[in-house]
Amino acid sequence: MRALITGINGQDGSYLAEYLLSQSYEVHGTIRASSLQNDRKLVNIKSIFEKIKIHQCSLEDYLSVYKLISEVKPDECYHLAASSFVNYTFCDETSVILTNFNSTCYLLSSIKELMPRCKFYFAGSSEMFGNADKSPQDEETKFNPRSIYGITKTSSFYVVKNYRECQNIYACTGIAYNHESPRRDFSFVTRKISQSVAKIYLGITSYIELGNIEAKRDWGYAPEYIVAMHNMLNNPRGPTDYIISTGLVYSVRYFLDLAFSVVNLRYEKYLKINSLFFRSLEKNDLIGNSIKIKNDLNWESKKKLEEVIEEMVLNDITLLKDGR
C-alpha cells in the first residue's frame, strides 16, 4: 500500500508516517520548499527521513497537486496540511482559504481524474462547530464556525461529502478535537505551557503569560488519533465521517496546574494574565461525543491527560537541556 500524507512534518503527519511504516506502507509526504531549509521544521521526521519519500509541493497550486498525484499514485491520501492557527479577527483570510479550502478541492479533483480508487481522509476540526448549539457535539450537530479556519474546514467538509456521494470517491472527514503530544507546535497553548514549565524549572525564565485560563477543551493524545484516521480509511462499513475525541473537557487552569505539578511547583507563583490573549468563550463547551467511532471501529481515546502532560513537560526539559 502506498500512502500520501500532506503536511507530513507536522505533529499528526509525523506520527501517522511512523504508524504506516510499521504497517508496511510505502509512505510519501508533502512539505513546503521553505521547510527543507529549516531543520526545526524537519525535526519530527528526522528519525524516519530516509524511510519516506518527500515531495515539495505547493498545495495552493492545482498543477502542482495534479503532478503530485500523477507521480505518487497513492492508494490512500491523508490531507493533514493546513494553516492551523485559529484567529477570530479574520486576519489574512485569503491565505487561509488558499491553504485550507483550495488544496482540498485540488487534491480531490486530481484523485478523481487520476486515481479514483484512492481513499481520501480530510482532517476536520472541532472549530467547525464553533459557537455550538449544544454540548457535547456529535456527527449530527449543526456547524457554526466563528473563525476563518473553522469556515474553511467546514467548507472542505462539504466538498469531501460531495465527492463521496456524487463522485463515488472513498472520501471522509475526521472531526478531530484538540490532541496533544511532545510534537505539538509552539503556537498552541498546551505546548506553550509545557515549554514554559520546563524553562521555569531550569531557571531560564521566571513566569508564564496566558489569557483566559478558564477556557475549556477536549484534549486527547495525538498518537492515538492517527490510528483513528487509518481505521477510517479501512472501514468495512465504507466511507463515513466521525467525531474523534475523548468526551472529556478540562480547563486551561487544570492543564496548567498539572503541568507545574510535574516539577513540584505551583503555577500561581509564576502566572501572569494578559487580557490581550483573551478569546470570547463559546456558549457551549467544545466537547465531542465519539460513540459512533467506538461502536463502528472499536476506537476510543485511552491515554489520560495527566500522562500526556507529563510526557510533554519532561520532553521539553530534555530538549532545553540538550540546547534544542
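All you need for the working numbering is the position in the sequence shown, starting with 1, plus 6. The beta-carbon is built from N, C-alpha and C at its ideal position, and this holds for glycine as well.
If distances are taken between C-alpha atoms only, which option among the options comes closest to residue i?
{"i": "Lys140", "options": "Lys289, Glu306, Arg243", "result": "Lys289"}
{"i": "Asp81", "options": "Asp224, Asn150, Glu186, Asn240", "result": "Asn240"}
{"i": "Asn218", "options": "Phe283, Ser40, Thr211, Ser116", "result": "Phe283"}
{"i": "Ile51", "options": "Tyr68, Tyr21, Ser64, Ser30", "result": "Tyr21"}
{"i": "Gly253", "options": "Glu171, Glu306, Thr246", "result": "Glu306"}
{"i": "Met318", "options": "Tyr276, Ser281, Pro229", "result": "Pro229"}
{"i": "Glu316", "options": "Tyr31, Arg123, Arg197", "result": "Arg197"}
{"i": "Lys79", "options": "Asn304, Pro122, Ser162", "result": "Pro122"}
{"i": "Arg38", "options": "Tyr68, His61, Arg190", "result": "His61"}
{"i": "Phe194", "options": "Ser64, Trp225, Leu42, Ala23", "result": "Trp225"}
{"i": "Leu65", "options": "Asn106, Tyr31, Ser30, Gln29", "result": "Asn106"}
{"i": "Met7", "options": "Leu27, Thr160, Gln17", "result": "Leu27"}
{"i": "Glu56", "options": "Val258, Glu220, Glu24", "result": "Glu24"}
{"i": "Tyr68", "options": "Thr100, Cys111, Val165, Leu303", "result": "Cys111"}
{"i": "Gln29", "options": "Glu146, Ala138, Ala9, Leu42", "result": "Ala9"}
{"i": "Met238", "options": "Ser212, Leu303, Leu42", "result": "Leu303"}
{"i": "Tyr273", "options": "Ile54, Glu145, Asn137, Ile199", "result": "Ile199"}
{"i": "Glu32", "options": "Arg46, Ile11, Leu42", "result": "Ile11"}
Using the Cα positions of residue i and residue j, report the straight-line distance between them to the nearest angstrom.
{"i": "Gly294", "j": "Ile250", "result": "7 angstroms"}
{"i": "Leu74", "j": "Lys125", "result": "16 angstroms"}
{"i": "Ala88", "j": "Val102", "result": "8 angstroms"}
{"i": "Asn15", "j": "Leu48", "result": "6 angstroms"}
{"i": "Asn108", "j": "Thr158", "result": "9 angstroms"}
{"i": "Gly13", "j": "Met235", "result": "15 angstroms"}
{"i": "Leu271", "j": "Glu312", "result": "15 angstroms"}
{"i": "Glu215", "j": "Tyr127", "result": "36 angstroms"}
{"i": "Phe261", "j": "Pro188", "result": "14 angstroms"}
{"i": "Lys275", "j": "Val203", "result": "12 angstroms"}
{"i": "Ser40", "j": "Asn301", "result": "42 angstroms"}
{"i": "Leu120", "j": "Ser76", "result": "6 angstroms"}
{"i": "Ile175", "j": "Asp328", "result": "47 angstroms"}
{"i": "His34", "j": "Ser281", "result": "43 angstroms"}
{"i": "Lys59", "j": "Val71", "result": "16 angstroms"}
{"i": "Val166", "j": "Asn44", "result": "33 angstroms"}
{"i": "Ile210", "j": "Arg330", "result": "13 angstroms"}
{"i": "Arg1", "j": "Arg223", "result": "Not covered by the structure: residue 1. The range shown for the chain is 7 to 330."}
{"i": "Asn137", "j": "Thr246", "result": "24 angstroms"}
{"i": "Ser212", "j": "Glu146", "result": "46 angstroms"}
{"i": "Thr160", "j": "Leu104", "result": "14 angstroms"}
{"i": "Lys205", "j": "Val314", "result": "18 angstroms"}
{"i": "Arg285", "j": "Thr324", "result": "32 angstroms"}
{"i": "Pro242", "j": "Ile54", "result": "30 angstroms"}
How about residue i and residue j: do their beta carbons lie closer than 7 angstroms?
{"i": "Ser132", "j": "Tyr84", "result": "no"}
{"i": "Asp322", "j": "Gln201", "result": "yes"}
{"i": "Tyr227", "j": "Lys278", "result": "no"}
{"i": "Ile299", "j": "Tyr231", "result": "no"}
{"i": "Thr179", "j": "Gly130", "result": "yes"}
{"i": "Asp291", "j": "Val233", "result": "no"}
{"i": "Leu208", "j": "Leu326", "result": "yes"}
{"i": "Phe135", "j": "Gln143", "result": "yes"}
{"i": "Asp191", "j": "Leu86", "result": "no"}
{"i": "Tyr348", "j": "Ala177", "result": "A question about residue 348 goes unanswered here, because the residues of the chain that appear run from 7 up to 330."}
{"i": "Ser162", "j": "Glu220", "result": "no"}
{"i": "Cys63", "j": "Thr36", "result": "yes"}
Name, in chain order, the residues that DSSP records as bridge partners for residue i.
{"i": "Gly156", "result": "DSSP output for Gly156 lists no bridge partner at all."}
{"i": "Gln62", "result": "Ile37"}
{"i": "Ala88", "result": "Paired residues: none, contrary to the question."}
{"i": "Ile250", "result": "Ala182"}
{"i": "Gln143", "result": "Gly294"}
{"i": "Leu10", "result": "His34, Cys83"}
{"i": "Ile214", "result": "Leu277"}
{"i": "Lys222", "result": "Ser257"}
Count the C-beta pairs between the stretch 262 to 280 and the stretch 141 to 158 that are closer than 8 angstroms, then say yes if the count reaches three, no if not. no
Report yes or no: do the stretch 184 to 196 and the stretch 111 to 122 share at least 3 C-beta pairs separated by less than 8 angstroms? no
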